[in-house]
Every structure is written in C-alpha cells, then in structure tokens.
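Chains as they are written, first to last, in this note's numbering: chain A, 29 to 162; chain Z, 2 to 142.
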C-alpha cells in the first residue's frame, strides 16, 4: 500500500510564557480512491460542493485550504464552511487557513461538503482513502 | 493577542509512481476578521477507556457561541486497532487510529455543537490543543 505522511507543526512565542513548539507526524497506509490535490470554486450551496462522496464505514483523510481568492486571482475575505453532508457544520476556514481530518461515514452515509459564506471561494483540496478502515 | 502558527506538510512518494505528493501550507490561527490572533489556548493529555463511553472533549457553550476556534487532537495509542472516534454532538466525524492526528476549525454555532470522543477497542491516551476566542464572561454566583 502507498504511504502518506502528514506532519503538523504548531508554534507560538507569545501564546503563553512557555513557548509552544511541537511537531507530530503520522504514517498512513492509503488506497484508492484518492485525489492528490484539486482546485474547486465553492459556491454558497453546500450540496453543490461535495468533495468526498458519502460512504459507510470507510475512512477518508481530507485536506482543504482556502486559497484566499474567489477564482484563483481575485482576493476575497469570504469564509468557507466545512460540513458533513446534511449541512452539519464542523467549522469555517478563512483565507489562507487549512484543515486536515479523518472522515468516516460510519453507517451514516455522510460525505464532506463545502459552502462559501456570502460569495464564492476557491479552495484546494485532496482526499485519500485510509486502508485501515475500509 | 497571540500569534500561533500551524503548518502542515503532506507527502508521499508512491501513491502515483513518478508523481510524488508534496503539499505544504501554513496559517496563523486568527479570530474572525483575519487581523487578531486567537488568544485562548487549552492543551492537555489524558487517557480515555472504552468503559467511559462518549466523553466531551470540549463543550460548546452559549458563552462561546459564534467564536472561531481550532482543534488539534492526536491518538497516542500504540495498538493500531484502538481508535478514538470523534463526534460533533451526535454526528460521527471520523476515527483517529494509533498515531493519527487532526487539525480542524471548530465553530460553536450552538450549544449542541460539542466535540465528543470515544475510545473503541481499547484505551487511548490522547493529547489535544484548542485555540479559541475569549468567551463571554459569566457573573459568579
């Protein structure tokens, strides 16, 4: 199986008097289907922007980054909501922000969708099926 | 205000032969409005047993409504059959197997938007960090 290696580094010199600096790395065994990276202009209707199809008990790793633009060139401050299909909001990303999380339908037949807030947002995204939970 | 930077790299040399994956992104954790850093930070580590069932990692409260937030969670178990299931209230989000981590935005849009974790198949040591906006102060009793 192919291996995907995600690494997170969190740093801050002024959040607390104890400087924050740590890194964590994972090693994921992945399988098809996957999208290594794609671009999507997200509109304001979540159902139009399903980036991970609904699945049952299959785990998928999801990466999404707000490009800071509405179309690749025009700057925007609009947010982009991350939702499970059925409009269950997880959170929102602002220009330049990103997320990384595992999605598992777990019998609920949910997928992952994006919904721009107010006006269109261009994101880049990828997803990889986790071979551990298929 | 604090400046907390989250950087991710995602790489693979063998998903598509001849076309390695190499993704890198960095962001400063900001409040809504993009100019002020998230000032509240909560970090910790604990162990969740299977007998504890669904357990709140972080309650969504009226005091924190509509505030921006970021959540880091890592399953530190070493047995890869032990996983942490993350729910958003009663909706399953996903599973963190041994060594897996996540970093997500979290919006407390209402008080039923709490983060819930559950250890499946065995006890899971975990560590977490939550960066969020300050909450509305509540008068003491």
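All C-beta atoms, glycine included, are put in the ideal place defined by N, C-alpha and C.
Computed from a prediction, not measured in an experiment: that's the story for all the values here.
Considering just the uninterrupted stretch of the beta strand (DSSP E) at residue 18 of chain Z, what are its terminal residues? Translated into positions along the second chain, residue 18 of chain Z becomes position 17. No beta strand (DSSP E) holds residue 18 of chain Z; DSSP gives it neither H nor E.
Does residue 100 of chain Z have its Cβ less than 7 angstroms from a Cβ in chain A? Counting from one through the second chain, the residue named residue 100 of chain Z turns up at place 99. Closer than 7 angstroms: yes.
Please check the pair residue 39 of chain Z and residue 5 of chain Z, which I expect to be a contact at CB under 8 angstroms, by giving their CB distance rounded to whole angstroms. Working through the second chain from its first residue, we reach residue 39 of chain Z at position 38. Working through the second chain from its first residue, we reach residue 5 of chain Z at position 4. That pair is a contact at about 7 angstroms.
Who are residue 102 of chain Z's beta bridge partners in DSSP? Working through the second chain from its first residue, we reach residue 102 of chain Z at position 101. Paired residues: Z:75.
What in chain Z is Cβ-close to residue 36 of chain A, meaning under 8 angstroms? The sequence position of residue 36 of chain A within the first chain is 8, counting from 1. The answer, in chain order, is 7, 8, 9, 73, 102, 104.
Mark residue 15 of chain Z as exposed unless 16 or more other C-beta atoms lie within 10 angstroms of its C-beta, in which case mark it buried. As a working note, residue 15 of chain Z is residue 14 in the second chain. Burial call: exposed.
Would you mind giving the Cβ-Cβ distance between residue 42 of chain Z and residue 43 of chain A, rounded to the nearest angstrom? I have them listed as a contact below 8 angstroms. The residue you call residue 42 of chain Z lines up with position 41 of the second chain. The residue you call residue 43 of chain A lines up with position 15 of the first chain. About 5 angstroms separates the two Cβ atoms, so the contact holds.
Opposite residue 39 of chain A in the DSSP bridges: which residues? Reading the first chain from its first residue, position 11 is the one you call residue 39 of chain A. Per DSSP, A:49, Z:6.
Is the Cβ of residue 129 of chain A closer than 7 angstroms to any Cβ of chain Z? Here residue 129 of chain A corresponds to residue number 101 of the first chain, with the count starting at 1. Taking Cβ atoms only, chain Z reaches closer than 7 angstroms to residue 129 of chain A, which makes this a yes.
Integer Cβ distance of residue 122 of chain Z from residue 73 of chain Z, believed to fall under 8 angstroms: As a working mapping, residue 122 of chain Z is identified with position 121 in the second chain. As a working mapping, residue 73 of chain Z is identified with position 72 in the second chain. Not really, about 23 angstroms apart at Cβ, beyond 8 angstroms.
Spatial neighbours of residue 31 of chain A within its chain, please: C-beta separation below 8 angstroms, excluding the five flanking residues on both sides. Taking the first chain and counting its residues from 1, the one referred to as residue 31 of chain A is at position 3. For residue 31 of chain A, where only same-chain residues beyond five positions count, the Cβ hits under 8 angstroms are 55, 56, 57, 58.
Determine, using beta carbons only, whether residue 122 of chain A comes closer than 7 angstroms to chain Z. Working through the first chain from its first residue, we reach residue 122 of chain A at position 94. So yes, residue 122 of chain A belongs to the interface.
Verify the contact flag: residue 142 of chain Z, CB atom, against every heavy atom of the ligand ZN, threshold strictly below 6 angstroms. With respect to small molecules bound, the structure shown includes none, and the ligand ZN cannot be examined in it.
Per-residue burial, residue 138 of chain Z [other beta carbons within 10 Å of its own, 16 or more giving buried]: Within the second chain, residue 138 of chain Z is the residue found at index 137, counting from 1. Under this definition residue 138 of chain Z is an exposed residue.
Under a CB-based cut-off of 7 angstroms, is residue 106 of chain A close to chain Z? If you number the first chain from 1, residue 106 of chain A lands on position 78. With 7 angstroms as the cut-off, residue 106 of chain A does not count as an interface residue toward chain Z.
Residue 139 of chain Z: first and last residue of the uninterrupted beta strand (DSSP E) it sits in: Residue numbering aside, residue 139 of chain Z sits at position 138 when the second chain is read from its first letter. No beta strand (DSSP E) contains residue 139 of chain Z, which DSSP labels as neither H nor E.
Measure the Cβ-Cβ separation of residue 10 of chain Z and residue 27 of chain Z and say whether it is below 7 angstroms. The sequence position of residue 10 of chain Z within the second chain is 9, counting from 1. The sequence position of residue 27 of chain Z within the second chain is 26, counting from 1. Against a cut-off of 7 angstroms, the Cβ pair of residue 27 of chain Z and residue 10 of chain Z comes out as no contact.
Between residue 72 of chain A and the rest of its own chain, which residues show a CB-CB distance below 8 angstroms, the 5 nearest in sequence each way excluded? In the first chain, the residue the question calls residue 72 of chain A occupies position 44. If we look at residue 72 of chain A and ignore the five residues flanking it on each side, its Cβ neighbours are 143, 144, 145, 146, 147, 148.
Could you check which residue in A:118, A:69, A:81 has the C-alpha nearest to that of residue 95 of chain A? Position 67 of the first chain, counting from 1, holds the residue named residue 95 of chain A. When only C-alpha atoms are compared, the closest one is A:69.
Name the DSSP beta bridge partners of residue 126 of chain Z, please? Start at 1 with the first residue of the second chain, and residue 126 of chain Z comes out as number 125. In DSSP, residue 126 of chain Z forms a bridge with Z:48.
Taking Cβ-Cβ distances shorter than 7 angstroms, what residues in chain Z pair up with residue 64 of chain A? In the first chain, the residue the question calls residue 64 of chain A occupies position 36. 16, 17, 22, listed in chain order.
Helix, strand or coil at residue 83 of chain A according to DSSP, with G and I counted as helix: Counting from 1 along the first chain, the entry for residue 83 of chain A is found at position 55. If DSSP states are grouped into helix, strand and coil, residue 83 of chain A belongs with the strands.
Quick check: the Cα distance between residue 136 of chain Z and residue 69 of chain Z, rounded to an integer number of angstroms? Within the second chain, numbered from 1, the residue matching residue 136 of chain Z stands at position 135. Within the second chain, numbered from 1, the residue matching residue 69 of chain Z stands at position 68. About 11 angstroms.
Helix, strand or coil: how does DSSP classify residue 114 of chain Z here? Your numbering for residue 114 of chain Z matches position 113 in the second chain. Residue state, collapsed to three classes: coil.
Since residue 26 of chain Z meets chain A, which of its residues come closer than 7 angstroms, beta carbon to beta carbon? Against the second chain, residue 26 of chain Z aligns to sequence position 25. By Cβ distance, chain A contributes 93, 126.
If distances are taken between C-alpha atoms only, which option among Z:131, Z:17, Z:125, Z:12 comes closest to residue 53 of chain Z? By one-based count along the second chain, residue 53 of chain Z stands at place 52. Considering only alpha carbons, the answer is Z:125.
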